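J.: So the sequence lines, in the order shown, correspond to chains A and B. Reminder that position 178 of the first sequence reads as 982 in this note's numbering, one-by-one numbering, no gaps. Reminder that position 248 of the second sequence reads as 1052 in this note's numbering, one-by-one numbering, no gaps. What follows is a single structure, and I will ask about it in a moment.
2 protein chains.
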Amino acid sequence: MLARMATESTGRGEPDRTLRLLWRSHLGEPVGTRGPKQRSSVDEVVDAAVQLADDEGLDAVSMRRIADRLGLKPMSVYTYVPGKAELIDLMVDQVSGELPLPVLDGSLRDRLAGIARVQWNGYLRHPWLLSIDTSRPPLGPNVSDHWEWCLRAVDGLGLTDLDMDRVITLLLGFVSGPARDYVDAERLRVSSLESDVEWWERNAPLLEQIMDPERYPVSGRVGQAAGEAYNAPADPADAFEFGLARVIDGIVAYVGPADGR
Amino acid sequence: MLARMATESTGRGEPDRTLRLLWRSHLGEPVGTRGPKQRSSVDEVVDAAVQLADDEGLDAVSMRRIADRLGLKPMSVYTYVPGKAELIDLMVDQVSGELPLPVLDGSLRDRLAGIARVQWNGYLRHPWLLSIDTSRPPLGPNVSDHWEWCLRAVDGLGLTDLDMDRVITLLLGFVSGPARDYVDAERLRVSSLESDVEWWERNAPLLEQIMDPERYPVSGRVGQAAGEAYNAPADPADAFEFGLARVIDGIVAYVGPADGR
DNA sequence: CTCCTTCAACGTACTCTGTACGGAATTATT
DNA sequence: AATAATTCCGTACAGAGTACGTTGAAGGAG
């Protein structure tokens, strides 16, 4: 199931602790720490969590396993991070910082495609990002930098501020679809002993009995064509390229003939 | 975290049990049942699960709670359904059967928009669909009917079979983005005691310290415009309408001047 | 009618999750 | 030196999915 964001914070009235954790490197260390030295750090906790998620998926990220990796006992992790929801916010902002933000020049088309490909690569590097509720992304420094970078690509085109927001939201939202399909297919290919072909052969008798051509004339035909072209029911990388071209066409048409300088 | 699909089936060599469960109404009752009568049914199990998911989200769907609703003990549920992953497949196909499949006439634009709106409404009715790995949807009767219905809307336009597949995949994939944002925002609005405005006011001092305008000139401006227009950081319904128009523009441009008879 | 096979239902148990709570140990401030 | 704060950890709880083995009911065979 989808992991929840850290919506309900600790405090009542005091600023969000998550926010302070997200911007921890800018806010400086808290002074006057009285108790024992911490034997680890927030960064180490987040790093361990990200590595776990990269290696074994988001399901593998548990407070106990993070503690193991750091040589701590489970409950000590809570001295670094208020809870798991907040930790996930920190993870998102952290890997957001890995995304390259090259200067975007060239045509509007190129700039939009560049943004989409950065996002695509990010999802491939950290597939667990797709298992996360990113509708309200954490307002951390890296996420914010990335957002600023995206918006600059559509600034000065004559779009209203609202339309700039809409365009980037559409573009980034689009990417997650094929990316999700891609990593799922990859997971399946690796984990399953059985290939798509074998599955199909095994279930062919039953499927033929079920999928009668009178009921499914079009999807039968299309499915067969896709199967022959991809040797699989779908090809997410292809879907990404196709969809990206269409989405960009739609955006460029909307921006109008003033194709961006 | 995302629920896994039922990828690893029970049998080795025998056809998928999930497949037989999905098509249970078409395959007829198994004959020669010897033991005690079942006191419930697969349909009742699936209905209970769907209702639970509708009422309290996918997290609330547990074998124990389903058993409770049916007056069974937890382990008895496993006599109807091999496991939770398979149950989720059954849930998806079941609610897929609720989607209206009206005859699609009118322009290509209208037909594509119609498909997208059906999908949109489906997500609003059953938000938990968005928490599910739908990359490889279950090959059940209702999902298959729906897929056939979608493809027919782009048949006979001169598109190759592969392109038909790509177009529908793009369109349906697009919808899930704003739909996810919409239901998340809705959930937040209901569950959280604190409104967006209150959150903002509470964190304003910290945010002002953090979000300096030199670093975020564009996103600062855009974010403010969005906030004033929506009274929220975003408006998913608006994003849906905007994105839908752009995506359809892109598709129609691709299909070419032969705008579909 | 009796017996045997078959299968639904269930009780128990195991591992795993997030985290509330309280105590012990350690450190900086008073 | 006393105090206050804070880290770390042990214990515990409620909940998850489901493996395993037993019990009892019902249909088919003799």
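By construction, the Cβ of each residue, glycine as well, lies at the ideal position given by its N, Cα and C atoms. Just so it is clear, the structure is predicted and the values come from calculations on it, not from any experiment.
With a threshold of 6 Å on Cβ separation, who are the neighbours of V1059/A within its own chain once the five nearest residues in sequence on each side are excluded?
T.: Cβ neighbours of V1059/A beyond the five flanking positions: L961.
J.: Under the three-state reduction of DSSP, which class applies to K888/B: helix, strand or coil?
T.: Looking at K888/B - three-state DSSP - the assignment turns out to be helix.
J.: Which runs of the alpha helix (DSSP H) spanning at least 4 residues fall entirely within the segment 934-989 of chain B, listed in chain order?
T.: Complete alpha helix (DSSP H) runs here, min 4: 945-956.
J.: Assign H930/A to buried or exposed, taking buried as 16 or more other Cβ atoms, counted over all protein chains shown, within 10 Å of its Cβ.
T.: That one is buried.
J.: Hey, does L1067/A have any beta-carbon neighbour from chain B nearer than 8 Å?
T.: Not covered by the structure: residue 1067/A. The range shown for chain A is 805 to 1065.
J.: Name the residues in the segment 872-902 of chain B whose C-beta lies less than 9 Å from a C-beta of chain A; which are they?
T.: Result list empty, no residue passes.
J.: Note the first and the last residue of the continuous alpha helix (DSSP H) segment covering H930/B.
T.: Element bounds for H930/B: n/a, residue is neither H nor E.
J.: Quick check: is the beta carbon of L961/B nearer than 8 Å to any beta carbon in chain A?
T.: Taking Cβ atoms only, chain A never reaches closer than 8 Å to L961/B, which makes this a no.
J.: So, for C954/A: in the same chain, excluding its five sequence neighbours on each side, which residues have a beta-carbon less than 6 Å away from its beta-carbon?
T.: Taken in chain order, the residues that qualify are I919, I972.
J.: How close, in whole Å, do the beta carbons of L825/A and L894/A come, if the pair is a contact with beta carbons under 8 Å?
T.: Between L894/A and L825/A the Cβ distance is about 6 Å, and since that is below 8 Å, they are a contact.
J.: At 4 residues or longer, and completely inside the segment 1007-1037 of chain B: list those alpha helix (DSSP H) runs for me, N to C.
T.: If we require 4 residues or more, the alpha helix (DSSP H) runs fully inside the segment 1007-1037 of chain B come out as 1021-1034.
J.: Any heavy atom of the ligand ZN within a distance shorter than 7 Å of the CB on E860/A?
T.: Looking for the ligand ZN in the displayed structure turns up nothing, as the structure carries no ligands at all.
J.: Give every residue of the same chain whose Cβ lies closer than 7 Å to the Cβ of V865/A, excluding the five residues on either side of it in the sequence, and list them in chain order.
T.: The residues are A853, L856, A857.
J.: Beta carbon of L876/A, beta carbon of S844/A: below 8 Å?
T.: Cβ atoms of L876/A and S844/A: closer than 8 Å.
J.: Between D914/B and chain A, is there a C-beta pair that is closer than 8 Å?
T.: No, D914/B does not count as interfacial toward chain A.
J.: Is there contact here, the segment 1048-1058 of chain A with the segment 985-996 of chain B, by at least three beta-carbon pairs under 8 Å?
T.: No, they do not touch.
J.: With three or more beta-carbon pairs closer than 8 Å as the criterion, would you say the segment 900-917 of chain B touches the segment 941-949 of chain B?
T.: The answer is yes - the segment 941-949 of chain B touches the segment 900-917 of chain B, with three or more Cβ pairs under 8 Å.
J.: Which runs of the alpha helix (DSSP H) at least 4 residues long sit entirely within the segment 841-901 of chain B? Give them in chain order.
T.: Counting whole runs of 4 or more residues, the segment 841-901 of chain B contains the alpha helix (DSSP H) stretches 846-860, 867-874, 888-900.
J.: What first and last residue would you give for the alpha helix (DSSP H) that runs through G832/B?
T.: Where G832/B is concerned, there is no enclosing alpha helix (DSSP H), given that its DSSP letter is neither H nor E.
J.: From L952/A to V1022/B, what distance separates their C-alpha atoms?
T.: Looking at the sequence shown, residue 952/A is not Leu but Glu. C-alpha separation (whole angstroms): 6 Å.
J.: Please confirm whether Y1020/B and S948/A have their CB atoms less than 8 Å apart.
T.: Contact flag set, yes.
J.: Would you mind sorting V979/A into buried or exposed? The rule is 16 or more other CB atoms within 10 Å of its CB.
T.: Buried.
J.: Interface residues of chain B around D951/A at Cβ under 7 Å?
T.: Here residue 951/A is Trp; the residue named in the question, Asp, does not match the sequence. In chain order: S1023.
J.: Does I919/A come within less than 8 Å of chain B when only Cβ atoms are used?
T.: I919/A does not count as touching chain B.
J.: When the distance is taken between beta carbons, is R821/A closer than 8 Å to P906/A?
T.: Contact flag unset, no.
J.: Please name the residue in L916/A, G1047/A, D1039/A whose C-alpha comes closest to that of R940/B.
T.: With distances taken between Cα atoms, R940/B lies closest to D1039/A.
J.: Please list, in chain order, all residues of the same chain as W924/A whose beta carbon is under 7 Å from its beta carbon, the five residues on each side excluded.
T.: Once the five neighbours on either side are set aside, the close Cβ partners of W924/A are V979, A983, F1044.
J.: Of the choices G1024/A, R970/A, M879/A, G1031/A, whose alpha-carbon is the least far from that of A1029/B?
T.: It is R970/A whose Cα lies nearest to the Cα of A1029/B.
J.: Could you confirm whether any beta carbon from chain A is found closer than 8 Å to the beta carbon of H830/B?
T.: So yes, H830/B belongs to the interface.
J.: Is it true that the CB of L823/B sits closer than 8 Å to the CB of N1007/A?
T.: For N1007/A and L823/B, yes; Cβs fall inside 8 Å.
J.: Would you report the Cα separation of R1025/B and M968/A, rounded to the nearest angstrom?
T.: Distance between the alpha carbons of R1025/B and M968/A is about 11 Å.
J.: Would you identify the three-state DSSP class for D914/A, choosing helix, strand or coil?
T.: Residue state, collapsed to three classes: helix.
J.: When you compare each of R838/B, K841/B, T837/B, V881/B to D851/B by their alpha carbons, which one comes out closest?
T.: D851/B has its Cα closest to that of V881/B, out of R838/B, K841/B, T837/B, V881/B.
J.: Report yes or no: is there a C-beta of chain A within less than 8 Å of the C-beta of R956/B?
T.: At least one chain A Cβ lies under 8 Å of R956/B.
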